[in-house]
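Below: the structure, in structure tokens.
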Amino acid sequence: MMSRMRLGINIDHIATVRNARGGTHPDPVRAALMAQEAGADGITAHLREDRRHIRDDDMHRLKESLHIPLNFEMAATEEMQHMALFLRPHAVCLVPERREEITTEGGLDVVRHQASLRDFIAPLRDAGIRVSCFIEADTRQIDASQKVGAHCIELHTGAYAHALGAPRLTLCEQIAKAAHYADALGLEVHAGHGLDYDNTPAIAAIAIIKELNIGHFLMGEAMFHGLAHVVKQMKAVIAQTRSTQSSSQGHE
Ligand code: PXP
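Numbering-wise (the working numbering), the sequence shown opens with residue 999 and increments by one.
Printed below as a string of structure tokens:
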């Protein structure tokens, strides 16, 4: 049987809408609880340096109210490390962050920051937090992620999601190869960015990948169909792919 794939729901966009009017509605914690109720396996929230969507108080409320794992997405800064050590989320996902970017535009350069990341990750590991590095499907970045002490990697699927035709297939193959390479090094493999109903099945078919983190598409669709519906729908897309794969390829 192919292992189950977890679906993490990123609720940052609910906070973006809330902040557009500066009040308390819509509440990202309410969205997280609704996603949990609908079958989400985890909630992801990115506390950015500029607090453009999720705020400190949201992170505290998420930690207090969820009973599924909280994945705290953050830049590798001292401020965020303090926050993580205080909050003790289930997991931390380290991402690059530039103030002027619209979203997380590329993977973390773990190779370049190897020495500082090792020191940064050690106290998080000691605190029992699972640490993931959000990286491109590149063996050098995977090697470096293992060396700095990450438990997991999250492969950036943005380029794959935006490509069409043959380049998309090539990028998907690169992701699959990277996933197997990382798994052989003992890293748990996640993936995310730009995933929707159409491009998720090819990624969900990679048995080594254990978790997907999805935000933008599902939040947009939720405006038309409701949050609970879209979470259930994406879970069904993933489950359908995993079961088709296990019956056609034997087990993994
Ligand atoms: N994973 C990581 C590390 C991210 O930074 C993001 C975007 O916040 C996602 C997953 C989700 O990407 P999207 O919003 O495009 O589904």
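The beta-carbon is built from N, C-alpha and C at its ideal position, and this holds for glycine as well.
- By the criterion of a C-beta distance shorter than 8 Å, His1065 is surrounded in its chain by Gln1034, once the five residues flanking it on both sides are discounted.
- By the 16-neighbour rule on beta-carbons within 10 angstroms, Phe1084 is exposed.
- Within the model, the alpha-carbon separation for Glu1103 versus Ile1012 is close to 20 Å.
- Annotation: the continuous beta strand (DSSP E) that includes Arg1128 extends over 1128 to 1133.
- With a threshold of 16 other beta carbon atoms within 10 Å, Gly1190 meets it and is buried.
- Judged by DSSP in its simplified three-state form, Thr1137 adopts helix.
- Assignment of Val1229 by DSSP, reduced to helix, strand and coil, places it in the helix class.
- Judged by their CB atoms, Asn1069 and Gly1006 are nearer to each other than the 8 Å cut-off.
- Set against 7 Å, the gap from the CB of Ile1140 to the closest heavy atom of the ligand PXP is not smaller.
- By the criterion of a C-beta distance shorter than 7 Å, Gly1037 is surrounded in its chain by Val1229, Lys1230, Lys1233, once the five residues flanking it on both sides are discounted.
- Beta-bridge annotation (DSSP): Phe1070 is paired with Ala1043, Val1090.
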